[in-house]
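Written out below as structure tokens is the structure these notes cover.
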Amino acid sequence: MRVPVQTAEFNALAPLPKDGRLLIEASAGTGKTYALTSLICRLIVLDDRRLEEILAITFTRAATAELKERIRLRLTHLRQALSGGEAADEFESELLKEIDRRYGGTGRELTLRRVALALATFDQASVFTIHSFCERMLREFAFESCVIFESELIEDDSRYFEEAKADYWRKNFGSTFSSDEASWLYHNDWTFSKILQVSPLQLGMRDVRFNNQGEIPCGPTPQRFNASGVIKEYRDLYNAVKKTYQEEELISFIEKNGLGRSRAKLLREVGRIVADREGMIFLKGDEFSQSFLEKGAQAVDNQTVSSICALAAWQRERMARGLMDLISWHRKAALEQIAVAMRRRKNELGQISFDDLISLMRASLSEGPQCNLACLVRKRFPVALVDEYQDTDPDQFEILSAIYPAEEEGAALIVVGDPKQSIYAFRGADIYAYLTTKSRVQTHATLATNRRSIKPLVDAVNHLFGSESARGTAGGNGAPPFYNELITYESNHAYNQSRVELGGRALTHALTLCNYNRDAGNSDSVNEEIVAHYEALEIARMLAEDTLTLFGPQDGVDAKAGEQRKIRASDIAVLVGTHQQGRRMIRELIQAGVNAVSAKSGSVFDTREAHDLAAVLQALLSPSDHLAFMSAAITPLLGLDPVDIEGFGRDGREFTVFFEEMLALGELWHREGVHALGAELLRRAGTTPRLASWRGGERVITNYRHLTELLAAQAHATQCGPAALLAWLKAGIAREQPRPADHEQLRLESDEDAVRVMTIHAAKGLEFPVVFVPFMWRGPVNPKPPLTYHLKNSNGDYARVLDVSVEFGGSDERSALVLNEIKAEDARLLYVAITRAKYICRLAWAPAGNRSRRIRPWVMDDLFKEALGPKPGELSWLKVLEHDGGMDSEGGGSSVSVAEQAANEDLRPPLKFTAERQLKDPYGRTSFSGLKRKADLRDLRGGEDEAEVYMVNLGDGSGREESAPDIAPPVAGLPAGTEAGSCLHHILEKIDFCDVQSAKSTAMIERALTLWGVQPDDQTAAVAAYREAVLRTMSTPLDVGSGVFRLSEIAPEDRLAEVAFCFSIGNLNPARLANILRECGSARAAAISARVSRLKFSEVYGFLDGFIDLVFRKDRKYHIVDWKSNYLGEHALDYAPERLAWAMDDSLYTLQYLLYAVSLHRYLRLRLKEYEPSLHLGTVIYPFVRGMPGKKGPCNHSVYIDVIIPEQIARLSSLMGGES
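In terms of my numbering, the sequence shown opens at residue 6 and continues consecutively.
The following block contains the structure:
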């Protein structure tokens, strides 16, 4: 309901309205923070409010800290003035007069005590973000709000959203889509993520619609249609197209009806149908225009065209619409059920997110202003001041309205905002929440004096957004410049009347538009490169040549009147639309020799440094992984280049030194943690000076340090090991989220003299002497559903609507509403960008490709219509430069076009090294894993014949019992995957063989799961499964030829776990290794030689390294044990001897144990004085842990055992070379 409005210029000393509500509309640069702090001073001094009684709400933590500091400074200055000093500004002077008038001679002493008390209790100042305010109230009044006392506040609940979304899909897909429908969706690329195209931001939206037909029915199941009958009709029409199709007839129709521009697309689309065998392909509606269908309906003699038109028209009306409605129903149902599932999951864990704080507070206040919670909060904070109110959402609006209703005695709500600066819709902000408040508040005040910008710039903004010509052109149909009749622009006047000279000439035009329209045929990406390149060069020219001189009255400027100084890099900000544009701009600035830094709030996980650090950590974890090792070597952290790597092949000693250094880094990581590793990586061999010498190197160093801190914090919080820590880093790199958590946000590398590059959103609230806005001409393509827009309800207010329809486009009212709101937001973005400037603002404009699909060009076209015309002439408020490739600031330059210059220049930084030939793998280390790298098991098996033998040997379960009555079945519930296998190896390495079931061993298993990042659904069951598997492994009877024994009987002094080895080898390639295996005399080795010859590792020489899981001594013989966690089946007989033998050969474990035997042979030869292979070499034992039967099982079940033949191993060792 709208109320009569009283509007006046803001006066902090004026009495508050009788109804306790005041709305202050503050345009950009008019000093709203100054107004807020003045109000707080007035409330303390004149109204005798204690500081802790005044609630101040703003919307970021940084703004909260700034507002607190501003309040403290104002109170400090006021105390000095009350103590006899001079007033700091006009407000303090007027406040002192009001004190004297109201209180007389004792007034200053009285008010001084009030200010002193406020400063003494300043730690109790109630300045919050909306989220911290809700959290404080919910916890302080926990009984009234019914919130759990010990709830854990989490910043990111996106994991729960994805889990609930996947659960919804699993539960509902099969029950709502028939097999034909599912097949149709599959064939037409309707994936899970495309069907459930919803986001966490949409969960709280209450008005959900589709097809512009109002609410979707809320029944338990969607309204269905006769799917089988519809599909039969479609297939009949589909087959008719295939039966009657004649390409010549279609081409003739296209040319006859003037559809030649669509010829290729039409032929391609129909060709898809003719070639399809299943009849399950959607026609792409965009390819078949309404004109095609109308003309085709008249071509009754053309059977090809008639059948195609019938199919396309039928699809639009029947099957497609039915399925699209079904998908829309799922989107709404998913939003409801996902919200419930997330809430349930977080309740189980005792967690709440920031969004939950808002929804819980709103729900707690649902009874209205007279509920207990509202009364308690209002008593606690009788006065509330809300900053940046245009960035509220409907929930926040309801919270404040419930706490501070109109006409409430003793309570006041003062909101400050500017609808022209509402640019955070992507975070949930709703400008109509502000506009609704504005319509309900009777008393308005305005701040109309711009204290930021000089007069020429203020005049330009007034003309652009406030002139009659702008009102008549924006939107193309007389719409206001912000595309919203409820948002008006009132002209400001400039407080700063300084006269400015730039480069010795009077600055008459503070707003400049550089028109890059000469090369209209370029694509958007090419135009973006051109604009970025030449705007960077203009910044370089300005820094090198231009000086800034200020004359006359001024306020808060850096230079004295008449003093001349050069423009500094820190004076300049470049405002962009996306982080990708920001990276491009920084790259071009650095190329132009300008120091530039990113002030964006993106995630450090999105940087190149995160990928490089992950590569280095991967190499340190797997030093025998040659590819990972070399990938890490060429990162900036390690600093090698292809020349260095090629040198390793010429001089093996260099590689050995480098490799040993890497091993030392790995040991440092395991011993002292990732923080020590990060410091050493930057300290070693001059890494930090080398990086700092780069252009942009300080950003690189800052990101490396930031990532190291995050890794160290994660390791401390979770007590995870190196492997789990690396997995966490990789997950952070792969994660997609709309905005990073605070601790992940990129840090500004320094406060040194550098151009700031940031998004327009990040720049809001900031100011800079010079602002460049290079990319406002390039906007997004039309948005994809689900969409939001606003509709007027019966009360005259506007409600936000979420439209989950599948299709978007056309000329219906819904499409017009969406496009108008996007244009309105872009107009507000442009306003925010221009008003960041104090003295100079420079915009760029370039023709956008495919204008029919772009939004932003319309906004600039509308607002700069007279400037972008064919003959703009001389404009009093705007300087227009027609850019032709020259760098003259007045628009002159060479006659060569920008596109030609860009094509002739190599804008990329030169490579340090260009390889003239492909480098072969160098001298170095390899391992069993390195030898197997890139090999495909199907190739190693030798084709279908051998695969068939495998199937015959293993069988399909028919003709045999699935379990043996005397053998325990395999361990159930043991997690699968690489991390689970590594975790099992870790447990077997650390556990006490004789004390598997103790509490100490159970705790060790639990730590191992955390260390290796194993996260089973049931932690208790997984721990029990690991314990059972280890217990069975230790107790299963074994016989290696000297009597039955169990591993639990091996004394600790007779066994070594994780035995590292590294021995020399000669030249090896697949063919040579296969020959060695055939010549060593071992039948088992010869049997796998054919497979080995099909390996794909490159020739290598140097060292072969690895780890043997366990070596134990029994009766003077040394035995090798290698644990295997392979899943071979769910029955005991799946782990019978014949199956184990095949598994050993299939995975080349036979080659592995031969290499281990060589390493043991060479090790014992060096360590035992009287070493004799026939006396000391025992067996190789491969326990397949999942199938181990335990102490009651048969001997050697699920264990592969082979005797080491001393002569064969000695021969194999000799043939492999390197023994000298």
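The beta carbon of each residue, even a glycine, is placed where N, CA and C say it ideally should be.
Q) Which term fits Leu201, buried or exposed, when burial requires 16 or more other beta carbons within 10 angstroms of its beta carbon? A) Around the beta carbon of Leu201, 16 or more other beta carbons lie within 10 angstroms, which makes this residue buried.
**Q.** Val1080 - containing alpha helix (DSSP H), residue span
**A.** The sequence shown places Asn at residue 1080, not Val. The continuous alpha helix (DSSP H) containing Asn1080 extends over residues 1075 to 1084.
**Q.** Cβ shell of Arg695 (< 7 Å), same chain only, five flanking positions each side left out
**A.** Setting aside the 5 residues that flank it on each side, Arg695 is surrounded in the same chain by Gly644, each with a C-beta closer than 7 Å to its C-beta; the list follows chain order.
Q | Contacting residues, own chain, Cβ-Cβ under 7 Å from Thr69 (five flanking each side not counted) | A | Thr63, Val132, Phe133, Thr134, listed in sequence order.
Q) Do Tyr1158 and Asp1127 have their C-beta atoms within less than 8 Å of each other? A) Contact annotation: Tyr1158 and Asp1127 have beta-carbon atoms nearer than 8 Å.
Q. Do three or more CB pairs link the region 1031 to 1046 to the region 979 to 991 at distances below 8 Å?
A. With a cut-off of 8 Å, the region 979 to 991 and the region 1031 to 1046 count as touching, because enough Cβ pairs lie within range.
Q: Check whether the Cβ atoms of Ala31 and Leu452 lie closer than 8 Å to each other.
A: One thing to note: Ala31 has its Cβ within 8 Å of the Cβ of Leu452.
Q. How should Cys519 be labelled, buried or exposed, when 16 other C-beta atoms within 10 angstroms of its C-beta is the threshold for buried?
A. Cys519 should be labelled buried.
Q: Could you name the residues that DSSP lists as bridge partners for Tyr1187?
A: Paired residue(s): Tyr1205.
Q.
Tell me the DSSP secondary structure of Gln1028 in three-state form.
A. Per the sequence shown, residue 1028 should be read as Val rather than Gln. In the three-state scheme derived from DSSP, where H, G and I count as helix and E and B as strand, Val1028 is classed as helix.
Q: Note down the Cα distance separating Leu716 from Leu48, rounded to an integer number of angstroms.
A: If I take the Cα positions, the gap works out to 47 Å.
(Q) Please identify the residue among Ala123, Thr116, Ala93 whose C-alpha is closest to the C-alpha of Arg77. (A) Minimum Cα distance to Arg77 is reached at Ala123.
(Q) If you measure between the beta carbons of Met667 and Met781, is that distance less than 8 Å? (A) At a Cβ-Cβ threshold of 8 Å, Met667 and Met781 do not count as neighbours.
Q) Where does Leu328 land, buried or exposed, given buried means 16+ other C-beta within 10 angstroms? A) Answer is buried; the Cβ neighbour count reaches 16.
Q: Give every residue of the same chain whose Cβ lies closer than 6 Å to the Cβ of Asp396, excluding the five residues on either side of it in the sequence, and list them in chain order.
A: Closer than 6 Å at the Cβ level, and outside the excluded window around Asp396, lie Phe64, Tyr429, Ala434.
Q. Run through DSSP, which three-state label would Ala1148 get?
A. Helix.
Q: Taking only the alpha-carbon atoms, compute the straight-line gap between Ala92 and Thr448 and give it to the nearest angstrom.
A: The alpha-carbon separation between Ala92 and Thr448 amounts to approximately 30 Å.
Q. Is DSSP giving Lys870 helix, strand or coil here?
A. Reduced to three states, the DSSP call for Lys870 is coil.
Q: Quick one: which unbroken alpha helix (DSSP H) runs of 4-plus residues sit fully inside the region 87 to 128? Chain order, please.
A: Segments of the alpha helix (DSSP H) lying fully in the region 87 to 128: 95 to 108, 112 to 125.
Q: Apply the 10 Å Cβ neighbour rule to His498 and answer buried if 16 or more other Cβ atoms are within range, or exposed otherwise.
A: Looking at its Cβ environment, which holds fewer than 16 other Cβ atoms inside 10 Å, His498 is exposed.
Q. Exposed or buried, what is Lys843 when buried is set at 16 or more other beta-carbons lying within 10 Å of its beta-carbon?
A. Lys843 comes out buried.
**Q.** Trp850 versus Asn522: straight-line alpha-carbon distance, rounded
**A.** Looking at the backbone, the Cα of Trp850 and that of Asn522 are separated by about 7 Å.
Q) Secondary structure at Gly691, three-state DSSP: helix, strand or coil? A) Here Gly691 sits in helix by DSSP.
Q) Is Asp1207 close to chain D, meaning its C-beta is less than 8 Å from at least one C-beta of that chain? A) Included in the structure is just one protein chain, with no chain D present.
Q) Straight-line CA distance for Gly110 to Arg504? A) Near 44 Å, if we compare the C-alpha coordinates of Arg504 and Gly110.
Q) Roughly how many whole angstroms lie between the Cα atoms of Phe1117 and Tyr1123? A) CA-to-CA, the gap between Phe1117 and Tyr1123 works out to about 6 Å.
Q) Can you tell which of Pro410, Phe777, Ser1152, Leu868 has the C-alpha that lies nearest to the C-alpha of Asp24? A) Measuring from the Cα of Asp24, the nearest candidate turns out to be Pro410.
Q) Taking the alpha helix (DSSP H) that Gly1 falls in, what are its first and last residues? A) With the chain covering only 6 through 1225, there is no way to say anything about residue 1.
Q: Could you tell me which uninterrupted beta strand (DSSP E) segments, each at least 3 residues in length, are contained entirely in the region 586 to 650, listed from first to last along the chain?
A: Whole beta strand (DSSP E) segments, 3+ residues: 601 to 603.
Q) Within 10 angstroms of its Cβ, does His1166 collect 16 or more other Cβ (buried), or is it exposed? A) Classification for His1166: buried.
Q. In three-state DSSP terms, what is Val310?
A. In the structure shown, Val310 sits in a helix (DSSP, three-state: H, G or I).
Q: Count the C-beta pairs between the region 1146 to 1162 and the region 1095 to 1110 that are closer than 8 Å, then say yes if the count reaches three, no if not.
A: Yes, the region 1146 to 1162 touches the region 1095 to 1110.
Q: Within 10 angstroms of the Cβ of Val388, are there 16 or more other Cβ atoms? Answer buried if so, exposed if not.
A: When all chains shown are included, Val388 counts as buried.
Q) Mind checking whether Arg805 and Thr793 have CB atoms under 8 Å apart? A) Yes, the Cβ-Cβ distance between Arg805 and Thr793 is below 8 Å.
Q. Closest by CA to Trp699, which one among Ile595, Asp758, Ala669?
A. Measuring C-alpha to C-alpha distances from Trp699 to each of Ile595, Asp758, Ala669 identifies Ile595 as the nearest.
(Q) Output needed for Ile1010: all residues of its chain with C-beta closer than 7 Å, excluding positions within five of it in sequence on either side, in chain order. (A) Same-chain partners within the cutoff: Ile992, Val1028, Tyr1031, Arg1032.
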